[in-house]
Amino acid sequence: MEKPVQRMLMGNEAIGRGLVENGCSLAASYPGTPASEILGSVVQFARELEMPIHTEWSINEKVAYEVALAHSCTGKRGAVSMKQVGLNVAADPFTRSAYLGVTGGFIVVVADDPGPHSSQTEQDSRFFAHFAKVPVFDPSSPREAKEAVATAYALSERYEIPVMIRPTTRICHARQNVSCVKPIELERKAHFEKNPSRWAATPQFVTGLHRLLNEKIDKIALEKQFYPVLQKGGGKSNSCIVASGVVYTHVYELIEDGGLSDVDLYQVLLPYPLNRRFIEDIRARYQKILVLEESYPVIEMQFVNPLVQGRRSMSVPGEGELTPDVVESVLRTFVGIARKREAEPAAKGRRPSLCAGCSHRAAFYGIKEAFRGGIFPSDIGCYTLGMNLGAVDTCHCMGACISQAAGFYHSYQQDGGEIPPITVTIGDSTFFHAGIPALVNAVVQKARFILVVLDNATTAMTGHQPTPHLGILADGSQGNPVFIPDIVKGAGVRFLREADPCELETFGETLREAEAFCRSPEGGVAVVIARHGCLQDRRAGRDAQHLNMTIEECTGCRWCIDEFECPALLFDEEEGRASISEALCTGCGVCVHVCPSNAIVSKDGGAQ
Amino acid sequence: MRQQIVVSGIGGQGVLFVTRLFAEVAVEMGLEVLTSEIHGMAMRGGTVLAHVKVGTFKSPLIRRGEADVAIIVNAENVSLHRSFVKESGAILVNAGNAGDYVHVDADRLARNSGYPPGSNLVLVGYGVGKGLVFCEPEAAENVIRRMSGPIQVEANLASFALGRKQAMER
């Protein structure tokens with residue numbers, strides 16, 4: 001065997017590499033932090049190692065799951081990756097796939113985000129795995145995450161069951177030197193063996209499949225291979241810590257740094273199903289037990305042991321990331337050593353903001369100006385930052401904004417009074433992901449609102465994955481584009497306009513036309529596609545326009561600062577006037593239309 | 001060799017580039033290394049903090065009061081992140097004004113050199129020149145050469161050299 005090569009890999013890259021090395025031949029995903037880089041690295045390593053792997057950015061996680069699942073039902077190895085809330089979208093195929101099982105190995109990588117750093121919940125996907133009766137690995141480092149891929153595929157094929165690997169943000173975005181080897185060669189040919197009582201199981205077959213699933217889980221719970229490992233201590237103490245994931249590494253280092261020597265530390269790699277013998281041994285051997293895991297009590301609840309301390313005994317904070325500082329404080333209380341000092345509360349720092357020159361900012365400003373007092377449902381992506389401009393009132397889950405607008409409309413409409421202007425913003429990728437059924441539904445139900453699709457031709461927040469209307473596939477090759485206007489028209493929408501939000505005046509006129517349609521006797525949902533490429537997208541061709549902006553007679557009213565919130569607009573408190581940062585300004589010239597006293601001008605003469 | 005470094009800045013300042021640079025230099029020098037960074041929403045101009053742990057560590061995160069060095073690319077982050085640094089540790093700040101830390105005006109030096117984006121490498125070069133960070137200069141140069149695109153490579157190397165030179169002179 002060839003000597004492994006050491007490479008510096010991010011956790012997500014290590015997982016991607018693991019999939020390629022272990023003969024995965026189809027990987028599907030929908031981008032979402034902290035999982036986004038997994039599929040990208042499958043693409044990269046497949047190319048580098050010349051492995052013919054079908055990779056796809058699917059339209060959403062449910063679709064990704066189903067595509068990959070079917071692949072593994074032909075006897076090949078498949079994988080799907082997503083962030084934790086993506087599993088909510090894929091919950092339907094996920095739960096049933098546990099019952100029906102798979103034939104080729106099938107790995108579900110779900111990245112959790114305790115904290116959360118970039119998510120709308122800090123839910124624990126291991127709990128979801130427990131609920132669905134799917135075994136789940138909880139790696140504590142990029143290296144372990146990569147090793148887990150091989151173990152998970154073997155387990156998946158031995159029991160014909162989907163297997164989850166659950167990294168957290170701190171694993172996904174940690175970098176470590178990782179051993180890389182050549183991929184195994186499986187040379188499997190697609191073979192779908194018909195078996196309707198399994199693949200099309202009607203309720204009469206489901207109890208039997210459920211029994212089979214229970215038996216699989218029972219057997220896995222007795223596998224010696226997954227008995228948690230004693231990593232610190234001699235196994236003779238009367239107190240122990242049971243930990244998993246990145247929290248385990250924090251505990252390990254805290255013990256190494258001294259002061260907590262008389263504690264045994266076990267690492268759990270497979271939190272569900274937790275090894276049955278381990279549960280019994282811990283109960284028999286220890287008087288004091290502390291469980292540390294992220295982010296819900298999955299291991300803890302399997303102990304069914306009143307001596308266990310954890311989240312349920314309030315020994316561990318019920319929410320928030322278990323940072324090393326938090327873990328230190330919990331451990332000190334557990335072993336009865338005075339706290340060193342209270343960990344300082346994490347200061348907030350600077351809030352994120354839309355980039356200088358971002359067309360979303362122009363769109364939000366235009367919407368705000370056109371519809372003062374309106375309701376602005378929005379969604380998930382960079383454009384959630386429209387909150388900073390007061391143009392985003394809601395952000396719930398992917399695609400929800402359109403249904404929320406319908407719900408708001410029906411609520412105001414039934415009262416018979418004034419209906420406030422309801423203007424929705426949704427990104428192009430989010431629209432494809434979950435906006436389409438919501439739009440069809442709103443049209444059918446006679447809702448009236450304006451839907452602005454912020455089309456920047458990319459999935460910007462997660463690293464510029466291509467969206468369906470570009471027709472570009474994950475590996476960069478050409479696919480078939482599906483266009484947003486066609487979908488909108490197909491959904492039965494009778495008002496559709498396209499406008500560049502950076503041309504603020506025309507954009508405003510378009511919005512007012514849309515509003516007039518909404519409120520007309522035959523009105524309904526009006527759709528405006530606000531089209532302007534993302535500034536950060538390297539693939540997109542850049543507009544040549546770069547105006548050299550300056551501010552002449554600033555009155556110090558702060559309107560541009562407070563209402564437009566461009567990072568390139570600075571306010572000098574001493575001088576009492578605004579100025580433009582040459583370093584940050586992209587020269588889009590939109591702010592010319594924002595200044596109430598027309599003081600912002602282009603040095604090149606005139607506006608735009 | 002064991003060193004714990006926090007790198008602090010705001011999105012767009014190249015904090016992740018510096019973090020990757022340290023990681024790759026560690027590998028180049030045959031050292032174990034773990035880093036931690038935050039992507040997504042946190043990167044749109046918001047505060048960014050990355051952790052680099054060189055040597056045999058298991059956890060990718062640094063506890064408050066345990067870092068040997070803080071590299072602070074955005075001066076307003078000093079108050080936010082200085083508590084990560086141990087009492088005997090060093091805080092290197094990209095700042096024009098002196099404070100109770102080591103400072104170098106990397107922004108100004110980079111601007112004067114005609115390559116403003118090189119500011120983060122001026123800062124790193126300064127840290128290397130002052131012996132604050134573990135990197136061997138040659139190893140760092142090899143990695144910069146490898147990590148930079150063909151257009152930026154010379155300017156990046158020059159920025160790193162400028163930082164080192166400044167460290168020797170002051």
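If you're matching them up, the sequences are chains A and B in order.
If you read the first sequence in our numbering, its first letter stands for residue 1, the second for the next number, and so on.
If you read the second sequence in our numbering, its first letter stands for residue 1, the second for the next number, and so on.
Beta carbons are placed, not taken as given, at the ideal position from N, Cα and C, and that holds for glycine.
For Leu61 of chain B, the closest alpha carbon among the candidates B:Val6, B:Gln13, B:Glu76 is that of B:Val6. For Ile10 of chain B, the nearest CB of chain A lies under 8 Å from its own CB, placing it at the interface with that chain.
Not flagged as an interface residue toward chain B: Val392 of chain A, since no C-beta distance is shorter than 8 Å. Chain-ordered, the chain A residues with CB closer than 9 Å to the CB of Val27 of chain B read Gln6, Arg7, Met8, Asn177. For Ile71 of chain B against Leu123 of chain B, the beta-carbon gap comes to about 6 Å, under 8 Å, which counts as contact. Residue contact with chain B for Tyr296 of chain A: absent (no Cβ-Cβ distance below 8 Å to any residue of chain B). When the beta-carbon positions are compared, Val452 of chain A and Asp428 of chain A stay at least 8 Å from each other.
Its chain contains Asn94, Ser119 as the residues whose beta carbon lies nearer than 7 Å to that of Asp107 of chain B, once the 5 sequence neighbours on both sides are disregarded; these appear in chain order.
Contact note: Glu328 of chain A reaches chain B through Arg63, using a C-beta cutoff of 7 Å and chain order. Closest option to Val69 of chain B, judged by alpha-carbon separation, among B:His39, B:Lys130, B:Ile151, B:Thr56: B:Lys130. Straight across, the Cα-Cα distance linking Asp113 of chain A with Gly416 of chain A is about 44 Å.
The contact set of Arg170 of chain B on chain A, defined by CB atoms closer than 9 Å, is empty, because the minimum CB distance reaches about 25 Å. With its beta carbon at least 8 Å from every one in chain B, Gly105 of chain A lies outside the interface. Ranked by Cα distance from Gln413 of chain A, the options A:Thr430, A:Thr394, A:Arg448 are led by A:Arg448.
The straight-line gap separating the alpha-carbon atoms of Asp379 of chain A and Asp218 of chain A is approximately 42 Å. When the Cα atoms are used, Arg312 of chain A and Pro297 of chain A turn out to be separated by approximately 8 Å. DSSP places Cys172 of chain A in the helix class (H, G or I) of the three-state scheme. In this structure, DSSP gives Gly386 of chain A a helical state, which the three-state scheme calls helix. A distance below 8 Å between beta-carbons, with the five flanking residues on each side excluded, links Val444 of chain A to the following residues of its chain, in chain order: Gly492.
Residue contact with chain A for Val78 of chain B: absent (no Cβ-Cβ distance below 8 Å to any residue of chain A). Looking at A:Lys368, A:Tyr266, A:Thr462, the one whose alpha-carbon comes closest to that of Ile422 of chain A is A:Lys368.
Against His39 of chain B, the close residues of chain A are Thr33, Pro34, Ser36, Glu37, His117, Ser118, Thr169, Cys172, His173, Thr462, Gly463, in the order they occur along the chain (beta-carbon pairs closer than 9 Å). Here Ile38 of chain A is not near His433 of chain A, since their CB atoms are 8 Å or more apart.
With 16 or more other Cβ atoms from the protein chains shown falling within 10 Å of its own Cβ, Asp264 of chain A counts as buried.
Under the rule that a run must span 4 or more residues, the alpha helix (DSSP H) segments found entirely inside the segment 453-513 of chain A read 484-490. Residue contact with chain B for Cys382 of chain A: present (Cβ-Cβ distance below 8 Å to some residue of chain B).
When C-beta distances to chain B are compared with 8 Å, the residues of the segment 355-373 of chain A below that value are Cys355, in chain order. Pairwise C-beta distances place the segment 165-183 of chain A in contact with the segment 10-21 of chain A, as three or more of them are shorter than 8 Å. When Cβ pairs closer than 8 Å are counted between the two stretches, the segment 44-54 of chain B is seen not to touch the segment 41-48 of chain A, the count staying below three.
Between the segment 496-505 of chain A and the segment 461-473 of chain A there are fewer than three inter-stretch CB-CB distances shorter than 8 Å, so the stretches are not counted as touching. DSSP places Phe137 of chain A within a strand segment (E or B) once states are collapsed to three.
In this chain, Ala90 of chain A is not harboured by any beta strand (DSSP E), its DSSP state being neither H nor E.
If you check the CB distance, Met8 of chain A and Glu24 of chain B come in under 8 Å. In summary, Ile184 of chain A is exposed, with fewer than 16 beta-carbon neighbours lying within 10 Å of its beta-carbon over all protein chains present. Lys130 of chain B is outside the set of residues whose beta carbon lies under 8 Å from a beta carbon in chain A.
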